[in-house]
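> To start, I am sharing the structure in question, which I have written as structure tokens.
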Amino acid sequence: MMNSKVAALDMAFVRAQYPETCWEWSFFDNAGGSYVPNPVIDRITTYMRETQVQPGPHFPVAAQAQAHMDDSHARMAAMIGADKGEVLITPSTSYSVYILANALRPAWSDGDEIIVAVQNHEANSGPWRRLQEFGLKILDWPVHPETGSLDPRLLDSLLTERTRLVAFPHVSNILGEINDVTEITRKVHDAGALVCVDAVAFAPHRAIDVKAWDLDFYLFSFYKIFGPHMGCLYGKKDLLIDAENQGHYFFDDDDIAHKLNPAGPQHEMIASLAGITDYLDVLAEHHLSNLPYDPRARAAAVFDMIAQHEATLAHKIVEFLNTKRNVRLIGPTTGAADQRVATFSFTVDKQKSAEIPPLAAAEWVGLSNGHFYAKRFLEAVGISDADDGVVRASLAHYTSEDDVEKLISVLDRVL
Ligand SMILES: Cc1ncc(COP(=O)(O)O)c(C=O)c1O
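What follows is the structure, encoded as structure tokens:
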């Protein structure tokens, strides 16, 4: 149930925070990557203009560069309720899982088990499956063949005393359905195993609280939450310390930022991450009369408005798609904010998915199609031509009612 006290997003104000060119068409590929607001762009340019040196303590400009990066890192940690030392900023989520799988493997033995949800994007699947080469056993956590949902009860028969980790998405990038991360994590912990949760499709839509949810590893990508192309890996401190060094031999076990990021830091991009909280702050200051001081509480208040706005639009899209008898909507047939985010995937009887985005593009509506790297999942729900895949329309909080009306009217003609 939506809280009636949540303020409505002032769409003109929200949109004024982005370059004007963003609004020349109706954009529905936000799950591919979100728009980037001016505060993030400003931080990148300021960093590159003013601090063109290797960051470090040795002279004032270097110290300033370091301070910008440290500030971003601390703000991202605070935004998700973590300590700074528990958050790694990496080149991407795919990279984070790859490094994590290799860093955890040495602690596991032949015959130990990893459960991998078939609902995953390949980023949280392939790196775990590859550990079979080292004697690990992989068990699939299947999805419902029609709805695609992930049933936590199925875990009861999969978890054993040999289970070491369960890898699953907080939200599928195809379904938009929100998995009950706390219930699943509790079950997995009761069995003595760890969770690795892919939150890439969740993070643009709801606030995160890694401590309250008792997560072990939690990942998302900044380019889906209004930032640059980088990944965020949260891990409980002791687990990160125990993970094996994947970098140069001289990094200590507690030098998490270096030992688990052999790529090294992308300075200007890290510095720009502070722009994400600048942006959330601007939205908070504009909309909220009682401004929370704590950064996580502030982000949570902004995301309440985002959830409300997106749910209103989601209801309209679901209502429309439900009237189309030749359409298979894969995912919840509701717009309810506690059940789904506003990402919609569907197939159309006797029509290739690839035919639809060009028809929409001709009317300045941006859609996409394919398997979106969730190929195993599409096959599991009976989509045999996974390359053609589904048509996906994904919204963000800056999507307007006009955009949605345009989408519906285009689809009405095309379907
Ligand atoms: C659900 C999900 N997980 C993981 C990824 C991979 O993220 P990255 O591009 O940062 O590796 C994506 C990218 O689209 C995604 O949608």
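Residue numbering for the sequence shown follows this note's numbering, starting at 17 and increasing by one per position. Using N, Cα and C, we set each Cβ at its ideal position, and we do this for glycine too.
With distances taken from each beta carbon to the nearest heavy atom of ligand 1, which residues come in below 5 Å, in chain order?
Working through the chain, the matches are S108, T109, S110, H137, A139, N189, D214, V216, A217, S237, G247.
> Around the C-beta of R429, are 16 or more other C-beta atoms found within 10 angstroms, so that it is buried, or is it exposed?
Here residue 429 corresponds to residue number 413 of the sequence shown, with the count starting at 1. That one is exposed.
> Does the Cβ-Cβ distance between P373 and A94 come in under 7 Å?
In the sequence shown, residue 373 corresponds to position 357, counting from 1. In the sequence shown, residue 94 corresponds to position 78, counting from 1. For P373 and A94, no; Cβs fall outside 7 Å.
> Quick check: what's the CA-CA separation for K366 versus L431?
In the sequence shown, residue 366 corresponds to position 350, counting from 1. In the sequence shown, residue 431 corresponds to position 415, counting from 1. Between K366 and L431, the C-alpha separation is close to 10 Å.
> From what residue to what residue does the beta strand (DSSP E) around A183 run?
By 1-based counting over the sequence shown, the position of residue 183 is 167. Unbroken beta strand (DSSP E) run through A183: 179-185.
> Could you please give me the residues that DSSP links to F236 through a beta bridge?
Counted from its first residue, the sequence shown places residue 236 at position 220. C248, per the DSSP bridge assignment.
> Can you give, in chain order, each stretch of the alpha helix (DSSP H) that sits fully within the stretch 113-165 and has at least 4 residues?
Qualifying alpha helix (DSSP H) stretches, in chain order: 142-145.
> Counting along the chain, where does the alpha helix (DSSP H) carrying R344 start and finish?
As a working note, residue 344 is residue 328 in the sequence shown. R344 -> not in any alpha helix (DSSP H); beta strand (DSSP E) instead, spanning 343-346.
> Quick check on the DSSP output: the beta strand (DSSP E) that includes A409 runs from which residue to which?
The count along the sequence shown starts at 1 and reaches residue 409 at position 393. Element bounds for A409: 406-410.
> From F360 to A259, what distance separates their C-alpha atoms?
Position 344 of the sequence shown, counted from the first residue, corresponds to residue 360. Position 243 of the sequence shown, counted from the first residue, corresponds to residue 259. So the alpha carbons of these two residues sit roughly 37 Å apart.
> CA-CA distance, A402 and A396?
If you number the sequence shown from 1, residue 402 lands on position 386. If you number the sequence shown from 1, residue 396 lands on position 380. If you take the alpha carbons of A402 and A396, they lie about 10 Å apart.
> Do the stretch 100-117 and the stretch 303-323 make contact, defined as three or more Cβ pairs closer than 8 Å?
No: fewer than three Cβ pairs fall under 8 Å.
> Beta-carbon within less than 7 Å of E379's beta-carbon, same chain only, minus the 5 sequence neighbours each way: which residues are those?
What you label residue 379 is simply residue 363 of the sequence shown in a count that begins at 1. Excluding positions up to five away in sequence, the list reads V426.
> Opposite V213 in the DSSP bridges: which residues?
Indexing the sequence shown from 1 puts residue 213 at position 197. Its beta-bridge partners are F184, Y234.
> By Cβ distance, which residues of its chain are closer than 6 Å to F388, with the 5 residues on each side in sequence left out?
Within the sequence shown, residue 388 is the residue found at index 372, counting from 1. Same-chain partners within the cutoff: N189.
> Whose C-beta lies closer than 8 Å to the C-beta of R178 among residues of the same chain, with five residues either side of it excluded?
Here residue 178 is taken as the residue at index 162 of the sequence shown, counted from 1. Closer than 8 Å at Cβ, skipping near neighbours: G127, D128, E129, K153.
> Tell me whether the stretch 49-68 and the stretch 20-40 touch, counting them as touching only if at least three CB pairs, one residue from each stretch, are closer than 8 Å.
The answer is yes - the stretch 20-40 touches the stretch 49-68, with three or more Cβ pairs under 8 Å.
> Just list the residues that DSSP pairs L104 with in beta bridges.
Position 88 of the sequence shown, counting from 1, holds the residue named residue 104. L249.
> Straight-line CA distance for A23 to M321?
In the sequence shown, the residue the question calls residue 23 occupies position 7. In the sequence shown, the residue the question calls residue 321 occupies position 305. If I take the Cα positions, the gap works out to 6 Å.
> Around the C-beta of R341, are 16 or more other C-beta atoms found within 10 angstroms, so that it is buried, or is it exposed?
Taking the first residue of the sequence shown as position 1, residue 341 is located at position 325. Classification of R341: exposed, given that the 10 Å Cβ count is below 16.
> Would you mind stating whether Y239 and V226 have Cβ atoms separated by less than 7 Å?
Translated into positions along the sequence shown, residue 239 becomes position 223. Translated into positions along the sequence shown, residue 226 becomes position 210. It is not a contact, given that the beta carbons lie outside the stated cut-off.
> Output the distance between the C-alpha atoms of D172 and I272, rounded to the nearest integer angstrom.
Position 156 of the sequence shown, counting from 1, holds the residue named residue 172. Position 256 of the sequence shown, counting from 1, holds the residue named residue 272. Whole-angstrom Cα-Cα distance: 34 Å.
> Hey, F393 and V103 are a contact pair by Cβ (cut 8 Å); roughly how many whole angstroms apart?
Counting from 1 along the sequence shown, the entry for residue 393 is found at position 377. Counting from 1 along the sequence shown, the entry for residue 103 is found at position 87. Going by Cβ atoms, the distance from F393 to V103 rounds to 28 Å, so no, they are not a contact pair.
> Taking Cβ to Cβ, would you say I194 is nearer than 7 Å to P168?
To locate residue 194, count along the sequence shown from 1; it is residue 178. To locate residue 168, count along the sequence shown from 1; it is residue 152. It is not a contact, given that the beta carbons lie outside the stated cut-off.
> How about A217 and S88: are their beta carbons less than 7 Å apart?
Within the sequence shown, the letter at position 201 stands for residue 217. Within the sequence shown, the letter at position 72 stands for residue 88. Not a contact, by the Cβ cut-off of 7 Å.
> In the DSSP assignment, find the alpha helix (DSSP H) that holds N338 and state where it starts and stops.
For the purposes of this step, residue 338 is taken as residue 322 along the sequence shown, with counting starting at 1. N338 -> alpha helix (DSSP H) spans 311-338.
> Output the distance between the C-alpha atoms of D294 and E66, rounded to the nearest integer angstrom.
Your numbering for residue 294 matches position 278 in the sequence shown. Your numbering for residue 66 matches position 50 in the sequence shown. Distance between the alpha carbons of D294 and E66 is about 19 Å.
> Looking at the strands, I want to know which residues DSSP matches up with D45.
Against the sequence shown, residue 45 aligns to sequence position 29. BP columns for D45 point to S410.
> In chain order, what are the residue ranges of uninterrupted beta strand (DSSP E) at least 3 long that sit wholly in the stretch 251-313?
Whole beta strand (DSSP E) segments, 3+ residues: zero.
> Between which residues of its own chain and F362 is the CB-CB distance below 7 Å, once the five residues before and five after are set aside?
On the sequence shown, residue 362 is found 346 positions in, with the first residue counted as 1. Excluding positions up to five away in sequence, the list reads L337, V343, R344, L345, I346, V406, V407.
> Less than 7 Å between the beta carbons of L411 and E326, yes or no?
Translated into the one-based positions of the sequence shown, residue 411 becomes position 395. Translated into the one-based positions of the sequence shown, residue 326 becomes position 310. The answer is yes: Cβ separation under 7 Å.
> I'd like to check one pair, F319 with R180: are the Cβ atoms closer than 7 Å?
Here residue 180 corresponds to residue number 164 of the sequence shown, with the count starting at 1. Here residue 319 corresponds to residue number 303 of the sequence shown, with the count starting at 1. No.
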